[in-house]
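In my numbering, the protein residues as written are 150 to 353. Cβ coordinates follow ideal geometry from the N, Cα and C atoms, glycine included. Source: prediction; values computed, not measured. What follows is a single structure, written as structure tokens, with notes after it.
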Ligand SMILES: [Fe+2]
């Protein structure tokens, strides 16, 4: 990390803003627009994401934890899809806001029906800068993948819980709903808290 220029500052400010916001106990309908605003500020630049958290996995997409609130009220994750990579069809069970940082993603929408979870027949592209929300209220089932064949695509996700440790569901290849706890791809998180650059400037 480039501590001399505090490259990671946008992520620290996002985490600080989110921490203050979740302390207000807002209903989801009031919370999501505010989270979208913070997300728009975060993805306005893509210089802040450390390279180690911008790498896809070997043969599968990666989900790198960037921050988890100590009370697990929210978590921030960088999702990285290499060419040809996509998630299974899955739900979240909590609210989430997704902002596309680099590249372009494809989202296929699904919904629960009396016959199980089925495709809505709706696919949309998410270009860099796009933001969308998921939740059991606004639509919770989808499949997301890289729309580009020659480069990785990256989106930043914030969820209303410690998403890697939440019991949720996916559809297997036969369309059968299965229990799913995603975990995380990374074992470390970025250091957000070296504010020495601004502190030194303040005294010089
Ligand atoms: Fe998702």
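Along the alpha helix (DSSP H) that carries residue 189, what are the first and last residues, could you check? Membership of residue 189 in the alpha helix (DSSP H) is indicated by the continuous run 177-191.
Counting only the same chain and skipping the five closest in sequence on each side, list residues whose C-beta sits under 8 Å from that of residue 333. 212, 213, 214, 226, 313
Using 8 Å as the cut-off, can you tell me whether the region 338-345 makes contact with the region 240-247, which would need three or more C-beta pairs spanning the two stretches below that distance? Contact between the region 338-345 and the region 240-247 is absent, because fewer than three Cβ pairs lie under 8 Å.
Alpha carbon to alpha carbon, how far is residue 268 from residue 230? 22 Å
Where do the N-terminal and C-terminal ends of the beta strand (DSSP E) with residue 227 fall, by residue? Residues 224-230.
Label residue 352 either buried or exposed according to how many other C-beta atoms from any shown protein chain fall within 10 Å of its C-beta, with 16 as the threshold for buried. exposed
Would you say the beta carbon of residue 236 comes nearer than 7 Å to a heavy atom of ligand 1? Indeed, a heavy atom of ligand 1 lies less than 7 Å from the Cβ.
Rounding to the nearest angstrom, what Cα-Cα distance links residue 330 and residue 216 in this structure? 18 Å
What are the start and end residues of the alpha helix (DSSP H) that includes residue 159? 158-171
Around the C-beta of residue 248, are 16 or more other C-beta atoms found within 10 angstroms, so that it is buried, or is it exposed? buried
With respect to 7 Å, is the separation between the Cβ of residue 246 and the closest non-hydrogen atom of ligand 1 below this value? Taking non-hydrogen atoms of ligand 1 into account, the C-beta of residue 246 is found less than 7 Å away from none of them.
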